[in-house]
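In the numbering used here, the protein residues as written are 151 to 374.
Report on the structure given below.
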Amino acid sequence: MEKRAILFDMDGVLFDSMPGHARCWEEVCQDVGLDLTASEAYFHEGRTAKGTIDLLARRCWGREATTEEVERIYAAKCKLFNSLPPAPKMPGAEAVLYEAKRAGLIITLVTGSGQQSLLERLNQAYPNCFVRERMVTSDDVQHGKPNPEPYLMGLQKSGVTAEEALVVENAPLGVQAAVAAGIFTIAVNTGPLPEKALFDAGASLVFPSMQALAEAFAEIVSKK
151 MEKRAILFDM
161 DGVLFDSMPG
171 HARCWEEVCQ
181 DVGLDLTASE
191 AYFHEGRTAK
201 GTIDLLARRC
211 WGREATTEEV
221 ERIYAAKCKL
231 FNSLPPAPKM
241 PGAEAVLYEA
251 KRAGLIITLV
261 TGSGQQSLLE
271 RLNQAYPNCF
281 VRERMVTSDD
291 VQHGKPNPEP
301 YLMGLQKSGV
311 TAEEALVVEN
321 APLGVQAAVA
331 AGIFTIAVNT
341 GPLPEKALFD
351 AGASLVFPSM
361 QALAEAFAEI
371 VSKK
């Protein structure tokens with residue numbers, strides 16, 4: 151079936167923001183007695199903040215975090231992240247967006263983040279690509295990735311079926327969510343995880359960078 155829409159994750163796909171996120175999660179969690187390393191943070195990428203904190207709290211405290219604890223920990227993480235230099239655009243992302251627009255695809259954002267500093271930069275970094283009506287963030291869903299809800303909502307906001315869409319992801323949990331929603335999923339390995347982790351999560355194609363995806367994009371769309 152002809153592809154009509156493309157759904158993008160944000161962190162690690164459009165912005166090279168995951169190293170900062172990982173370091174901030176590690177520091178804030180260690181401060182409150184939650185055992186999380188920056189390396190492990192990459193495996194939780196795509197979850198909502200509550201999902202990540204609850205998982206760690208069950209493991210370290212033997213219970214879920216309270217609403218107050220979630221809000222306090224996430225606020226501290228956001229404050230620390232916002233103190234860092236702005237995350238740069240992911241090399242090659244602009245070229246992929248250009249190819250998507252040239253192919254006439256509807257462009258939609260599906261992110262597990264609620265980080266306003268990055269969301270507000272989207273239109274500055276990638277003008278005329280994203281509109282709020284076609285954005286799914288952690289504030290819009292009850293179940294974060296790997297649950298398919300974010301991508302199912304992305305399909306709804308795009309006005310297409312799963313067979314008419316493509317997904318670009320960089321995280322195993324995001325790949326799982328997109329595959330569970332029935333969407334053809336392309337992974338870009340922009341972080342430290344092995345390529346196998348993305349294939350194991352269900353990615354149909356894995357590229358080593360967004361630039362590599364841009365170079366193959368026209369051929370991918372023509373075959374889909």
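By construction, the Cβ of each residue, glycine as well, lies at the ideal position given by its N, Cα and C atoms.
Inset, instruction - Compare the beta carbon distance of S288 and A237 with 9 angstroms and say whether it is the shorter of the two. - result: Locating residue 288 in the sequence shown gives position 138, counting from the first residue. Locating residue 237 in the sequence shown gives position 87, counting from the first residue. Contact flag unset, no.
Legend entry - Close beta carbons around L255, own chain, < 7 angstroms, minus the five adjacent residues each side: The residue given as residue 255 occupies position 105 in the sequence shown. The answer, listed in chain order, is K153, R154, A155, I156.
Legend entry - Proximity of T385 and V220 at Cβ, strictly below 9 angstroms: Since the first and last residues shown for the chain are 151 and 374, residue 385 lies out of range.
Inset, instruction - Could you pull out every unbroken beta strand (DSSP E) segment of at least 3 residues lying fully inside the region 251-334, listed in chain order? - result: 256-260, 315-319
Inset, instruction - Would you mind working out which of G264, G196, P322, P358 sits nearest A347, comparing C-alpha positions? - result: Residue mapping note: residue 347 aligns to position 197 of the sequence shown, counting from 1. Considering only alpha carbons, the answer is P322.
Inset, instruction - Look at the alpha carbon of Y224 and the alpha carbon of S372, and state the distance between them as a whole number of angstroms. - result: Mapped onto the sequence shown, residue 224 falls at position 74. Mapped onto the sequence shown, residue 372 falls at position 222. Taking the straight line joining both Cα atoms gives about 42 angstroms.
Inset, instruction - Compare the beta carbon distance of C174 and L234 with 9 angstroms and say whether it is the shorter of the two. - result: In the sequence shown, the residue the question calls residue 174 occupies position 24. In the sequence shown, the residue the question calls residue 234 occupies position 84. Yes, the Cβ-Cβ distance between C174 and L234 is below 9 angstroms.
Legend entry - T187 burial status per 10 Å Cβ neighbour count (16 or more: buried): Along the sequence shown, one-based indexing puts residue 187 at 37. Exposed is the call here.
Legend entry - Residues that DSSP places opposite I336 in a beta bridge: To locate residue 336, count along the sequence shown from 1; it is residue 186. V318, L355, per the DSSP bridge assignment.
Legend entry - Terminal residues of the beta strand (DSSP E) in which F158 lies: As a position in the sequence shown, residue 158 is number 8, starting the count at 1. Start and end: 155-158.
Inset, instruction - Consult DSSP for D185 and reduce its assignment to one of helix, strand or coil. - result: For this step, residue 185 is matched to residue 35 along the sequence shown. D185 falls in the coil class under three-state DSSP.
Legend entry - As assigned by DSSP and simplified to three states, the class of D161: Start at 1 with the first residue of the sequence shown, and residue 161 comes out as number 11. In this structure, D161 counts as strand in the three-state DSSP scheme.
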